[in-house]
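Trainee: Residue numbers for the sequence shown follow our numbering, so the first one is 740 and each next one is one higher.
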Amino acid sequence: MKRTIFSTPVVSHIIKILCHFSLKARGWQLQGQPPTAPKYVLIAVPHTSNWDFPLSLAMAFIYGFEMMWMGKDSLFTGWRGPIMRWMGGIPITRSSSNNVVEQTIEKFNTSDRLVIAIPPEGTRSKVTAWKTGFYYIALGAKIPIALAFIDYTKKTGGFLSTFHPTGDAEKDIAHIRACYSGIDGKYPDQCIVH
Numbered sequence: 740m741k742r743t744i745f746s747t748p749v750v751s752h753i754i755k756i757l758c759h760f761s762l763k764a765r766g767w768q769l770q771g772q773p774p775t776a777p778k779y780v781l782i783a784v785p786h787t788s789n790w791d792f793p794l795s796l797a798m799a800f801i802y803g804f805e806m807m808w809m810g811k812d813s814l815f816t817g818w819r820g821p822i823m824r825w826m827g828g829i830p831i832t833r834s835s836s837n838n839v840v841e842q843t844i845e846k847f848n849t850s851d852r853l854v855i856a857i858p859p860e861g862t863r864s865k866v867t868a869w870k871t872g873f874y875y876i877a878l879g880a881k882i883p884i885a886l887a888f889i890d891y892t893k894k895t896g897g898f899l900s901t902f903h904p905t906g907d908a909e910k911d912i913a914h915i916r917a918c919y920s921g922i923d924g925k926y927p928d929q930c931i932v933h
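1) By DSSP's criteria, G896 is part of a beta bridge. Which residues make up the other side?
2) Determine, using beta-carbon pairs with one atom in the stretch 780-792 and one in the stretch 873-891, whether at least three such pairs fall under 8 Å.
3) Is it true that the stretch 872-880 meets the stretch 750-763, where meeting means three or more beta-carbon pairs spaced less than 8 Å apart?
4) Between which residues of its own chain and G771 is the CB-CB distance below 7 Å, once the five residues before and five after are set aside?
5) Taking G803 as the reference, which of A913, G921, K893, L769 has the closest Cα?
6) Helix, strand or coil for G828 per DSSP?
7) What do you get for I922, buried or exposed, if any count of 16 or more other CB atoms within 10 angstroms of its CB means buried?
8) Go through its chain and collect everything with a Cβ distance to I912's Cβ below 7 Å, but skip five positions before and after it.
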């Protein structure tokens, strides 16, 4: 795997220190622990603001794992491309969701260690249902789903638990969504679950 912001010598150490002091100065606290498995899908819920991204990166630095993330391919055009990839970005074309699931499963199957963050809402805007790609990636790659969160009201973030898909998508996703009850994004009115 190519070098990212998490694996760049010296830079990653300095950023980790800055993230720690920045979150502490703003009153944020971390709760829970990431999975010990070398490969997993990390769902980041709720996703209502652009601020979710830097907060998630900061928390990944403090927890000490390399977090990859998926973004629309337009973010990776021109001069931004190398920067976005260095920050852990993986470009995707939203028009071919099945292909994205299959390609991501293949990426997990050919990697020794890999964590990919996927917001089930798929957007910062208000939605009525989660996209299910994260679930089918975990199921197809036979890896767990880490239930990560950012709660702006309580100024806490981290991990709720680790979930292993059973194959009953409807039941499993309902269970996962219920875990996020009472957690508020930056804009609570845009959250599916409260």
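Glycine included, every Cβ here is placed at the ideal spot set by N, Cα and C.
Mentor: So, to answer that:
1) Counting from 1 along the sequence shown, the entry for residue 896 is found at position 157. Bridge pairing for G896: L769, I889 [DSSP].
2) Three or more beta-carbon pairs drawn from the stretch 780-792 and the stretch 873-891 are found closer than 8 Å, and the two stretches are therefore classed as touching.
3) Verdict: no, contact absent.
4) Within the sequence shown, residue 771 is the residue found at index 32, counting from 1. Answer for G771: G897, F898, L899, listed in chain order.
5) Here residue 803 corresponds to residue number 64 of the sequence shown, with the count starting at 1. Of the candidates A913, G921, K893, L769, L769 places its Cα closest to the Cα of G803.
6) Translated into positions along the sequence shown, residue 828 becomes position 89. Strand.
7) Against the sequence shown, residue 922 aligns to sequence position 183. Under this definition I922 is a buried residue.
8) Walking along the sequence shown from the start, residue 912 turns up at place 173. The beta carbon of I912 sits closer than 7 Å to the beta carbons of W869, T871, Y874 from its chain, once the five residues preceding and following it are set aside; these are given in chain order.
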